[in-house]
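*Asks:* First to last, the sequence lines map onto chains S and D. Going left to right, the first sequence walks through residues 0 to 283 as numbering that gives the first Met the number 0 numbers them. Going left to right, the second sequence walks through residues 0 to 244 as numbering that gives the first Met the number 0 numbers them. Yeah, the Cβ is synthetic: ideal placement off N, Cα and C, and Gly gets one too.
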Amino acid sequence: MTGALEKPKLQASGAVNPRRIREERIRRRGFAVASASTAAVVLALWILIPMAPGWSKVQASFFDWEVFAKTFPKLLSAFLVDIMIFAWSAPLIAVSGLAMALCRDVRSPALFPLKLFAIGYNDVFRGVPVMLVIYLFGFGIPGLGLPRPWNSPYIWGTLALVCTYAAYVAEIIRTGIESIHESQRSAAMSLGLTPSDIMRFVILPQAIRRVIPANMNILIALQKDVALLSVIGPVEILRQAGVEKSLAANFTPYVGASIIFLAVTIPATRYADRLIERQNRQRS
Amino acid sequence: MQTHEKLKLVGLRKSFGEHEVCRGIDLTVAEGSMVCLIGASGSGKSTLLRCINLLEPIDSGQILLDGFDIADPEIDPLPLRRRIGMVFQSYNLFPHMTAIENVMLAPRRVHRRSRAELRDEITAMFERFGLKSHIGHYPDQLSGGQQQRVAIIRALAMKPEIMLFDEVTSALDPEMVGEVLDVVRQLKSQRMTMVLATHEMSFAREAADWVCFLDKGVIAEAGPPAQIFGNPKEARTREFLSRIL
Chain S
0 MTGALEKPKL QASGAVNPRR IREERIRRRG FAVASASTAA VVLALWILIP
50 MAPGWSKVQA SFFDWEVFAK TFPKLLSAFL VDIMIFAWSA PLIAVSGLAM
100 ALCRDVRSPA LFPLKLFAIG YNDVFRGVPV MLVIYLFGFG IPGLGLPRPW
150 NSPYIWGTLA LVCTYAAYVA EIIRTGIESI HESQRSAAMS LGLTPSDIMR
200 FVILPQAIRR VIPANMNILI ALQKDVALLS VIGPVEILRQ AGVEKSLAAN
250 FTPYVGASII FLAVTIPATR YADRLIERQN RQRS
Chain D
0 MQTHEKLKLV GLRKSFGEHE VCRGIDLTVA EGSMVCLIGA SGSGKSTLLR
50 CINLLEPIDS GQILLDGFDI ADPEIDPLPL RRRIGMVFQS YNLFPHMTAI
100 ENVMLAPRRV HRRSRAELRD EITAMFERFG LKSHIGHYPD QLSGGQQQRV
150 AIIRALAMKP EIMLFDEVTS ALDPEMVGEV LDVVRQLKSQ RMTMVLATHE
200 MSFAREAADW VCFLDKGVIA EAGPPAQIFG NPKEARTREF LSRIL
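Written out as structure tokens, the structure is:
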């Protein structure tokens, strides 16, 4: 009897377990195959692309080191404008997204118009491409003949982003709210808490925590879409890159701008992935 | 002994869509007594408790609390729910709060009492139920039995006049059933008025003042435990008990 109990204990201790050794061997072999094939593909591209007839031209117009070195600092400072717009848009989006989600969740019949508004709002702003909203807000509203500073593209561009993204965030938060089990509401109700207290102290804190990773992805998308405001005026990185492109008659500034975006989005994406992974682990 | 009718149900009916779960239930709970509802799953025990706590609106009938009909749709259910505590099968603690925060939330928000004011009183309750060292733990750091005891404290902290227990030991590992039932015994010794839906027949037999056997949405038989378990009159009661014991 004691023997049968001790055996699994021994197996659990890892390295001596023959099955573990076998699995480890298989994993190492898989890793070796994957590395070898990746290396082969990269090498082939390395050799083949320069053999294309237009390569020398592409290389000259997209990967000009001198142009890169000259324009990169300017791109970097133009990127500060993107960061600025992002920095004030994100909190506005969070607040209005939350407000919209709560409007959609109202249960009281007296507040039904609010719910209807939230549904309509969501349909419109999730149904129109961001670019179009930016054009419509950015050119349409100042076109009303508003005096300075109310004709600033920063204001209306920001509003376009906030309206569009708030619709997505509202939808995410609403799924979060709906994912909280009804029994939590029952328990809170049985204690005599008011509906607004139940939302504020019981449902929302849990719901928001659950949707943080999904909202991280929204932030990453927003960070890129800020560049779309270039079409209505602000000299942010994309517009700056366009200016530099014209001055140098060379596309390298676009490559520089891409690198700057990647430097921000890749770490942010990894972080979001880590959050999702951690959440999955907690739930299992 | 002259006893006060704390809770009285008269002709309570409740259906979900086509399905009528409670089909005319009459029940009187004397102040300080403990009533056990027994019966198969789906016999309407849980629904009945949820109706008493006004978590589900009833279709017809009366729920008299101290002789006052609380099922009247014109009445605000909030202040009434505060007089009735409820404990659920799956504990339903708030997972993002520690044990003591779970207990303090409702007194703080509803009775507007401060944390400092509540701390001593609630700590004493944790101590009484053997949970003092778990006061700052989150629900996922507690065993099922500990979670359920915290849930009971949470309901008691609102100083309810009646406690409803909805199969509070059904989700527990067998070795934890005892610690939760001990808490219920303690409440009984303090003359708390209680209604329990339960599958713990030996507990009902030993501790209940009155046992109701529910079958298909009606109370098929009711009486003191000695009669229900020792000498049931109805064939359905006998059949149910022979299946379960």
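With DSSP run on the structure shown, which of helix, strand or coil describes Thr174 (chain S)?
*Replies:* Within the first sequence, numbered from 1, the residue matching residue 174 (chain S) stands at position 175. Note: Thr174 (chain S) maps to helix in three-state DSSP.
*Asks:* Report the residue from D:Ile69, D:Leu6, D:Cys211, D:Leu186 whose alpha carbon sits nearest the alpha carbon of Pro231 (chain D).
*Replies:* As a position in the second sequence, residue 231 (chain D) is number 232, starting the count at 1. The shortest Cα separation from Pro231 (chain D) among D:Ile69, D:Leu6, D:Cys211, D:Leu186 belongs to D:Cys211.
*Asks:* Any beta carbon of chain S sitting closer than 9 Å to that of Arg112 (chain D)?
*Replies:* Residue 112 (chain D) sits at position 113 when you count from the first residue of the second sequence. No, Arg112 (chain D) does not count as interfacial toward chain S.
*Asks:* Restricting to Cα atoms, I'd like to know which of D:Ile24, D:Gly177, D:Glu120 is closest to Asp58 (chain D).
*Replies:* Against the second sequence, residue 58 (chain D) aligns to sequence position 59. That would be D:Ile24, whose Cα lies nearest to the Cα of Asp58 (chain D).
*Asks:* Tell me which residue opens and which closes the beta strand (DSSP E) that Lys131 (chain D) is part of.
*Replies:* The sequence position of residue 131 (chain D) within the second sequence is 132, counting from 1. Where Lys131 (chain D) is concerned, there is no enclosing beta strand (DSSP E), given that its DSSP letter is neither H nor E.
*Asks:* In the DSSP output, which residue or residues are listed as bridge partners for Ala221 (chain D)?
*Replies:* Locating residue 221 (chain D) in the second sequence gives position 222, counting from the first residue. In DSSP, Ala221 (chain D) forms a bridge with D:Cys211.
*Asks:* Look at the alpha carbon of Ile202 (chain S) and the alpha carbon of Ile219 (chain S), and state the distance between them as a whole number of angstroms.
*Replies:* Within the first sequence, the letter at position 203 stands for residue 202 (chain S). Within the first sequence, the letter at position 220 stands for residue 219 (chain S). Near 26 Å, if we compare the C-alpha coordinates of Ile219 (chain S) and Ile202 (chain S).
*Asks:* Ala186 (chain S) touches chain D at which residues, Cβ-Cβ below 7 Å?
*Replies:* To locate residue 186 (chain S), count along the first sequence from 1; it is residue 187. What Ala186 (chain S) touches in chain D: Phe87, Asn91.
*Asks:* For Ser182 (chain S), return the contacting residues in chain D, with the cut-off set at a CB-CB distance below 7 Å.
*Replies:* Taking the first sequence and counting its residues from 1, the one referred to as residue 182 (chain S) is at position 183. Phe87, Ser89, Asn91, listed in chain order.
*Asks:* Which of the three DSSP states is assigned to Thr70 (chain S) in this structure?
*Replies:* Here residue 70 (chain S) refers to the residue found at position 71 of the first sequence. Helix.
*Asks:* If you draw a straight line from the C-alpha of Leu130 (chain D) to the C-alpha of Gln145 (chain D), how long is it?
*Replies:* On the second sequence, position 131 is the one that residue 130 (chain D) refers to. On the second sequence, position 146 is the one that residue 145 (chain D) refers to. Each residue's Cα considered, the two are about 7 Å apart.
*Asks:* Sorted by chain position, which residues of the same chain lie with C-beta nearer than 7 Å to Thr157 (chain S)'s C-beta, five sequence neighbours on each side aside?
*Replies:* In the first sequence, the residue the question calls residue 157 (chain S) occupies position 158. If we look at Thr157 (chain S) and ignore the five residues flanking it on each side, its Cβ neighbours are Ile84, Trp87, Ser88.
*Asks:* How big is the Cα-Cα spacing for Pro112 (chain S) and Phe125 (chain D)?
*Replies:* Taking the first residue of the first sequence as 1, we reach residue 112 (chain S) at position 113. Taking the first residue of the second sequence as 1, we reach residue 125 (chain D) at position 126. The alpha-carbon atoms of Pro112 (chain S) and Phe125 (chain D) are separated by roughly 46 Å.
*Asks:* Check for me: the beta strand (DSSP E) holding Gly23 (chain D) runs from which residue to which?
*Replies:* As a working mapping, residue 23 (chain D) is identified with position 24 in the second sequence. 18-29 is the span of the beta strand (DSSP E), which, as asked, contains Gly23 (chain D).
*Asks:* With distances taken from CA atoms, which of S:Thr264, S:Gly53, S:Ala187 is nearest Met215 (chain S)?
*Replies:* Looking up residue 215 (chain S) in the first sequence gives position 216. Selected option, being the one with the closest Cα: S:Thr264.
*Asks:* Measure the beta-carbon distance from Thr255 (chain S) to Phe62 (chain S) and round it to whole angstroms, keeping in mind my assumption that it falls under 8 Å.
*Replies:* In the first sequence, residue 255 (chain S) corresponds to position 256, counting from 1. In the first sequence, residue 62 (chain S) corresponds to position 63, counting from 1. For the sequence presented, residue 255 (chain S) should be read as Gly rather than Thr. With a Cβ gap of about 10 Å, Gly255 (chain S) and Phe62 (chain S) do not count as contacting.
*Asks:* Can you tell me which of the three DSSP states Thr2 (chain D) falls into?
*Replies:* For the purposes of this step, residue 2 (chain D) is taken as residue 3 along the second sequence, with counting starting at 1. Coil, per DSSP.
*Asks:* What would DSSP say about Asp63 (chain S), mapped onto helix, strand or coil?
*Replies:* The residue you call residue 63 (chain S) lines up with position 64 of the first sequence. Residue state, collapsed to three classes: coil.
*Asks:* Just to confirm before moving on: does the CB-CB distance between Leu110 (chain S) and Val161 (chain S) stay below 9 Å?
*Replies:* To locate residue 110 (chain S), count along the first sequence from 1; it is residue 111. To locate residue 161 (chain S), count along the first sequence from 1; it is residue 162. Not closer than 9 Å, so no.
*Asks:* If you draw a straight line from the alpha carbon of Glu55 (chain D) to that of Arg184 (chain S), how long is it in whole angstroms?
*Replies:* Here residue 55 (chain D) refers to the residue found at position 56 when the second sequence is read from its first residue. Here residue 184 (chain S) refers to the residue found at position 185 when the first sequence is read from its first residue. Distance between the alpha carbons of Glu55 (chain D) and Arg184 (chain S): 13 Å.
*Asks:* Less than 8 Å between C-beta atoms, sequence neighbours within five positions excluded: which residues of the same chain meet that for Val176 (chain D)?
*Replies:* Locating residue 176 (chain D) in the second sequence gives position 177, where the first residue counts as 1. Contacts found: Gly144, Thr168, Glu199.
*Asks:* Taking 9 Å as the threshold (beta carbon to beta carbon), is Val148 (chain D) in contact with chain S?
*Replies:* Counting from one through the second sequence, the residue named residue 148 (chain D) turns up at place 149. Correcting the residue type first, residue 148 (chain D) is Arg in the shown sequence and not Val. So no, Arg148 (chain D) is outside the interface.
*Asks:* Using a 10 Å radius around the Cβ and a threshold of 16 neighbouring Cβ atoms, would you call Tyr270 (chain S) buried or exposed?
*Replies:* Position 271 of the first sequence, counting from 1, holds the residue named residue 270 (chain S). Counting Cβ neighbours within 10 Å, Tyr270 (chain S) comes out exposed, since fewer than 16 surround it.
*Asks:* Since Ala196 (chain D) sits in a beta bridge, which residues does DSSP pair it with?
*Replies:* Looking up residue 196 (chain D) in the second sequence gives position 197. Ala196 (chain D) is bridged to D:Leu36, D:Asp165.
*Asks:* In the segment 186-220 of chain S, which residues sit with their C-beta less than 8 Å from some C-beta in chain D, listed in chain order?
*Replies:* For the segment 186-220 of chain S, which is checked against every Cβ of chain D, the residues closer than 8 Å are Ala186, Ala187, Met188, Ser189, Leu190, Gly191, Leu192, Thr193, Asp196, Phe200, Val201, Pro204, Gln205, Arg208.
*Asks:* Below 6 Å CB to CB, which residues in the same chain sit around Glu4 (chain D) once its five sequence neighbours on both sides are set aside?
*Replies:* In the second sequence, residue 4 (chain D) corresponds to position 5, counting from 1. Counting only Cβ-Cβ distances below 6 Å, and skipping sequence neighbours, we find Thr27.
*Asks:* In the DSSP assignment, the beta strand (DSSP E) including Met85 (chain D) goes from what residue to what residue?
*Replies:* Mapped onto the second sequence, residue 85 (chain D) falls at position 86. Unbroken beta strand (DSSP E) run through Met85 (chain D): 83-86.
*Asks:* State yes or no: is the beta carbon of Asn279 (chain S) nearer than 9 Å to at least one beta carbon in chain D?
*Replies:* Position 280 of the first sequence, counted from the first residue, corresponds to residue 279 (chain S). It does not; no Cβ of chain D falls within 9 Å.
*Asks:* Please state whether DSSP places Val9 (chain D) in a helix, a strand or coil.
*Replies:* As a position in the second sequence, residue 9 (chain D) is number 10, starting the count at 1. Looking at Val9 (chain D) - three-state DSSP - the assignment turns out to be strand.
*Asks:* Rounded to the nearest angstrom, what separates Leu97 (chain S) and Ile217 (chain S) at their Cα positions?
*Replies:* What you label residue 97 (chain S) is simply residue 98 of the first sequence in a count that begins at 1. What you label residue 217 (chain S) is simply residue 218 of the first sequence in a count that begins at 1. Roughly 14 Å separates the two Cα atoms.
*Asks:* So, helix, strand or coil for Gln61 (chain D), using DSSP?
*Replies:* Within the second sequence, residue 61 (chain D) is the residue found at index 62, counting from 1. Strand.
*Asks:* If Gln239 (chain S) and Ala77 (chain S) are in contact, beta carbons under 8 Å, what's the gap, nearest whole angstrom?
*Replies:* One-based indexing of the first sequence puts residue 239 (chain S) at position 240. One-based indexing of the first sequence puts residue 77 (chain S) at position 78. So it is a contact: roughly 4 Å between Cβ atoms.
*Asks:* Quick check on Ser188 (chain D): does DSSP put it in helix, strand or coil?
*Replies:* Stepping through the second sequence from its first residue, residue 188 (chain D) is reached at position 189. Three-state DSSP puts Ser188 (chain D) in a helix.
*Asks:* Is the segment 200-220 of chain D touching the segment 38-49 of chain D, taking contact as three or more C-beta pairs under 8 Å?
*Replies:* The segment 200-220 of chain D vs the segment 38-49 of chain D: in contact.
*Asks:* Given a cut-off of 9 Å on the beta-carbon distance, is the pair Ala206 (chain S) and Ser95 (chain S) in contact?
*Replies:* Within the first sequence, numbered from 1, the residue matching residue 206 (chain S) stands at position 207. Within the first sequence, numbered from 1, the residue matching residue 95 (chain S) stands at position 96. Contact flag unset, no.
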